[in-house]
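Right, one structure below, let's go through it.
Numbering (this note's numbering), first residue to last: 1 to 264.
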């Protein structure tokens, strides 16, 4: 409990910048005479604007190159601990589907929360990367879903869910998958049962990391589910038809501790 409480209190200041990029998908700066001065540099997942160059593209992106606690990582030999399980208070409801040019988000309505060691965070949105950003002992999954939460002090907690290929359609994920569009800026809607999208077992890998896209701000609390969720081959194909290759390569661990929950 003590370790988890300390874990959740770190990085609140950095999380403010993370929220702007992860939840808004764009600049929150006021208009100025120079658009270039107020608009962050364009970035992509390949070529001269790809991950290896992010740190060079904009003065606000330096953590992408110089940060010491970056995400994603390859999870190998985590430390087993009896940690309090994350508590999800999720309900079915309407969500806005937004294509921001890098991924597709399902923006949650108010009232869905994550609680860990007494700290409550509100679900903002869920988005995907295909294939997965994190790897487990070198294994990359078909996709990875990120559920982004914000606490009252501004700290972000991201719950990652790995996607594997199964034999049947996953009914809980169908509303989101069926709403995907490849048209940038086009909004849609779907009724999503957030709780049903999670694996039944809520054990997680936990560590301190960063945003996986520019500005790569650190201070993000990561909870990666140890159990993947299975989607059908056809459902995964719909995801990759929207975006394929929108993942950042794994980053150096740099001595960080990665824990895994061993409680039941």
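Where a beta carbon is used, it is the ideal one built from N, C-alpha and C, also for glycine.
Counting along the chain, residue 150 sits inside the beta strand (DSSP E) bounded by residues 143–151.
Non-local beta-carbon contacts of residue 68 in its own chain, meaning distances under 7 Å to residues more than five positions away in sequence, involve 254 in chain order.
By the neighbour-count criterion, in which a residue is buried when 16 or more other Cβ atoms sit within 10 angstroms of its Cβ, residue 249 is exposed. Counting the other CB atoms within 10 Å of its CB gives residue 213 a total of 16 or more, which places it among the buried residues. Assignment of beta-bridge partners to residue 187 by DSSP yields 98. The beta carbon of residue 168 sits closer than 7 Å to the beta carbons of 232 from its chain, once the five residues preceding and following it are set aside; these are given in chain order.
When Cβ pairs closer than 8 Å are counted between the two stretches, the segment 146–166 is seen to touch the segment 107–126, the count reaching three or more. A Cβ-Cβ contact shorter than 7 Å links residue 172 with residue 196.
Around the beta-carbon of residue 150, 16 or more other beta-carbon atoms lie within 10 Å, marking it buried. Within a 10 Å sphere around the beta-carbon of residue 245 sit fewer than 16 other beta-carbons, which makes this residue exposed. Check the Cα spacing between residue 263 and each of 46, 84, 40: the tightest is with 84. For the pair of segments examined, the segment 123–131 was found not to touch the segment 55–71: the number of CB pairs separated by less than 8 Å stays below three. Counting only residues of its own chain and dropping the five nearest sequence neighbours on each side, residue 138 has a CB closer than 7 Å to the CB of 74. The beta-bridge partner set that DSSP reports for residue 80 consists of 260.
In the DSSP assignment, residue 54 falls within the unbroken alpha helix (DSSP H) covering 54–57. Following the DSSP letters along the chain, one finds residue 106 inside the beta strand (DSSP E) bounded by residues 104–107. Secondary structure remark: continuous alpha helix (DSSP H) runs of at least 4 residues inside the segment 107–131: none found.
In the three-state scheme derived from DSSP, where H, G and I count as helix and E and B as strand, residue 223 is classed as strand. For residue 208, the closest C-alpha among the options 166, 159, 54, 57 is that of 159. If the five residues before and after residue 109 are omitted, its C-beta is found closer than 8 Å to the C-beta atoms of 93, 94, 95, all from its own chain and listed in chain order.
Looking from the CA of residue 242, the closest CA among 87, 252, 176 belongs to 176.
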